[in-house]
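Notes to accompany the following structure.
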Amino acid sequence: MYRGLRVAVVIPAFNESKLLPQTLAGLPRYVDHVLVVDDASTDRTAVVARRRGPWALEVIRHAANLGVGGAIVTGYRRALHLGVDAAVVVGADAQMDPNEMHRLLDALVDDGADYAKGDRLGHAELWRRMPWIRLFGNLALTLMTRLASGYGHIRDSQCGYTAIGRRALLRLPLGDLYPRYGFPNDLLAKLGEMDARVVDRPVTPIYGEEVSRLRIPRVMGPIFLLILRSGARRWWRAALRATTARAGGGETAGSLGGAAGRS
Ligand SMILES: Nc1nc2c(ncn2[C@@H]2O[C@H](COP(=O)(O)OP(=O)(O)OP(=O)(O)O)[C@@H](O)[C@H]2O)c(=O)[nH]1
Ligand SMILES: [Mg+2]
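In terms of my numbering, the sequence shown has 105 at position 78, counting the first letter as 1, and numbering is strictly consecutive.
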């Protein structure tokens with residue numbers, strides 16, 4: 028429990044037997060549930076995941092590989108079922124500093140955020156720490172995601188270190204989220220459609236022993252198309268809203284945060 032929030036940590040894991048133990052060992056004591064989602068790994072991920080800690084641990088295994096987004100959605104569903112107040116996503120490759128998790132949770136408690144995400148781009152040693160190709164890809168995708176989601180203030184759209192509150196989780200169309208590397212971009216666009224309140228919190232970029240499977244030239248095309256589609260949908264919805272308003276229909280019902288969601 029963290030400041031009145033029951034917290035689940037969702038760990039998507041694909042062939043992470045080397046770094047998953049380190050990831051689990053660092054998790055804060057205030058975490059209530061740890062949900063490791065083994066995305067049909069072919070190594071010993073499921074075995075090393077079974078580790079004792081101060082939290083309740085579950086290892087959920089996919090029979091077939093669904094992708095990082097698909098694994099996160101499985102964890103989100105389980106977190107909802109457990110009735111937690113917040114679900115934090117932590118990669119299994121030890122690239123997220125567990126001592127910074129409270130920053131994301133504080134944003135849910137203190138700022139009424141529906142979704143708090145890490146921002147590595149403001150870090151003083153960014154240029155030294157993040158490979159330049161990642162950095163340039165990140166900046167391009169961040170710019171496009173800002174336009175497509177309507178969250179003009181967000182930075183580092185690709186950061187996977189995030190916390191989401193139960194209210195937003197319940198409203199997200201979990202089954203429609205893009206299951207692979209464009210997941211964070213699609214999630215932000217869907218949160219934008221719900222007018223959810225999204226905030227950034229500074230986190231440290233960590234590149235260490237992990238072997239990334241992200242092949243930038245291969246993933247850029249699909250992510251680019253995905254963001255373009257989200258942007259077109261947003262534009263279309265805005266046009267529809269304007270037409271409805273002109274006809275005297277007024278505001279769309281059911282938004283989470285209204286104008287505050289964009290602050
Ligand atoms: N690549 C990949 N990762 C998966 C998959 N399913 C779950 N994951 C997990 O998702 C997390 C992120 O994967 P990475 O490929 O390292 O991507 P990233 O950390 O966003 O990107 P880098 O900054 O390049 O490391 C890791 O914990 C993976 O184990 C999958 O199908 N493919
Ligand atoms: Mg990684």
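By construction, the Cβ of each residue, glycine as well, lies at the ideal position given by its N, Cα and C atoms.
Self-check item: Completely contained alpha helix (DSSP H) runs for the region 69-115, where each covers 4 or more residues
Solution: Fully enclosed alpha helix (DSSP H) runs of 4 or longer: 72-75, 95-109.
Self-check item: Pro-249 to His-150 span [Cα, whole Å]
Solution: Each residue's Cα considered, the two are about 28 Å apart.
Quiz item: Residues in its own chain within less than 8 Å of Asp-183 by CB, not counting five upstream and five downstream?
Solution: These residues qualify, in order along the chain: Lys-144, Gly-145, Asp-146, Arg-147, Leu-148, Asn-165, Thr-169, Asp-227.
Exercise. Say whether the region 45-65 touches the region 118-138, bearing in mind that this needs 3 or more beta-carbon pairs closer than 8 Å, one atom from each stretch.
Key: Contact between the region 45-65 and the region 118-138 is present, because at least three Cβ pairs lie under 8 Å.
Quiz item: Would the beta-carbon of Gly-179 be found less than 7 Å away from any heavy atom of ligand 2?
Solution: Not one heavy atom of ligand 2 sits closer than 7 Å to the Cβ of Gly-179.
Practice problem: Tell me, please, which residues DSSP counts as bridged to Ile-243. | Solution: In the DSSP output, where bridge partners are listed per residue, Ile-243 has none listed.
Self-check item: Opening and closing residue of the alpha helix (DSSP H) in which Ala-134 lies
Solution: Where Ala-134 is concerned, the enclosing alpha helix (DSSP H) stretches over 128-137.
Self-check item: Check whether Arg-104 and Leu-201 have beta carbons under 8 Å apart
Solution: Going by beta carbons, Arg-104 and Leu-201 fall inside the 8 Å limit.
Self-check item: Cβ-Cβ distance between Ser-68 and Ala-91 below 8 Å
Solution: Cβ atoms of Ser-68 and Ala-91: not closer than 8 Å.
Quiz item: Whose beta carbon lies closer than 6 Å to any heavy atom of ligand 2, going through the chain in order?
Solution: Going by the Cβ distance cut-off, the answer is Gly-118, Asp-120, Gln-122, Glu-237, Ser-239.
Quiz item: Using the rule of at least 16 other Cβ atoms within 10 Å of the residue's Cβ for burial, across every protein chain shown, is Met-171 buried or exposed?
Solution: Buried: at least 16 other Cβ atoms inside 10 Å.
Quiz item: Helix, strand or coil for Arg-155 per DSSP?
Solution: In the structure shown, Arg-155 falls within a helical segment according to DSSP collapsed to helix, strand and coil.
Exercise. Could you check what DSSP says for Asp-146 in three-state terms: helix, strand or coil?
Key: DSSP places Asp-146 in strand when its eight states are reduced to three.
Exercise. Indicate, with yes or no, if ligand 1 has a heavy atom lying under 7 Å from the CB of Phe-251.
Key: Flag unset: Cβ of Phe-251 not near ligand 1.
Exercise. Provide the residue span of the alpha helix (DSSP H) that contains Ala-216, from first to last.
Key: According to the DSSP assignment, Ala-216 belongs to the alpha helix (DSSP H) that extends over 210-220.
Exercise. Please list, in chain order, all residues of the same chain as Ala-35 whose beta carbon is under 8 Å from its beta carbon, the five residues on each side excluded.
Key: The beta carbon of Ala-35 sits closer than 8 Å to the beta carbons of Val-58, Asp-59, His-60, Val-61, Leu-62, Gly-102, Arg-105, Ala-106, Leu-109, Val-111, Ala-113, Ala-114, Val-115 from its chain, once the five residues preceding and following it are set aside; these are given in chain order.
Quiz prompt | Coarse secondary structure for Asp-66, derived from DSSP in three states | solution = Looking at Asp-66 - three-state DSSP - the assignment turns out to be coil, as it is neither helix nor strand.
Practice problem: Provide the residue(s) that pair with His-60 in DSSP beta bridges, ordered along the chain. | Solution: The bridge partners DSSP lists for His-60 are Ala-35, Ala-83.
Quiz item: Any heavy atom of ligand 1 closer than 7 Å to the CB of Ala-40?
Solution: Yes.
Quiz item: ligand 1 heavy atoms versus the CB of Glu-85: any closer than 7 Å?
Solution: No, ligand 1 has no heavy atom inside 7 Å of this Cβ.
Practice problem: Report all residues from its chain with a CB closer than 8 Å to the CB of Pro-186; omit the five preceding and five following residues, and keep chain order. | Solution: Checking the sequence shown, residue 186 turns out to be Cys, not Pro. Correct list, in chain order: Lys-144, Gly-145, Asp-146, Arg-147, Pro-211, Val-230.
Practice problem: Compute the beta-carbon to beta-carbon distance between Val-225 and Ala-167, rounded to the nearest angstrom, for a pair I have assumed lies under 8 Å. | Solution: Not really, about 20 Å apart at Cβ, beyond 8 Å.
Self-check item: Contact check, Thr-72 vs Ala-121, beta carbons under 8 Å
Solution: Contact flag unset, no.
Quiz item: Does DSSP put Ile-250 in a helix, a strand or coil?
Solution: Here Ile-250 carries a helix assignment [DSSP, helix/strand/coil].
Practice problem: Determine the DSSP secondary structure at Asp-227, reduced to helix, strand or coil. | Solution: Assigned with DSSP and collapsed to three states, Asp-227 falls in strand.
Quiz item: How many Å lie between Arg-261 and Tyr-29 at the Cα?
Solution: Put simply, the backbone Cα of Arg-261 is about 35 Å away from that of Tyr-29.
Quiz item: Is there at least one non-hydrogen atom of ligand 3 closer than 7 Å to the beta-carbon of Leu-241?
Solution: With respect to ligand 3, the structure shown offers nothing to examine, as its ligands consist of ligand 1 and ligand 2.
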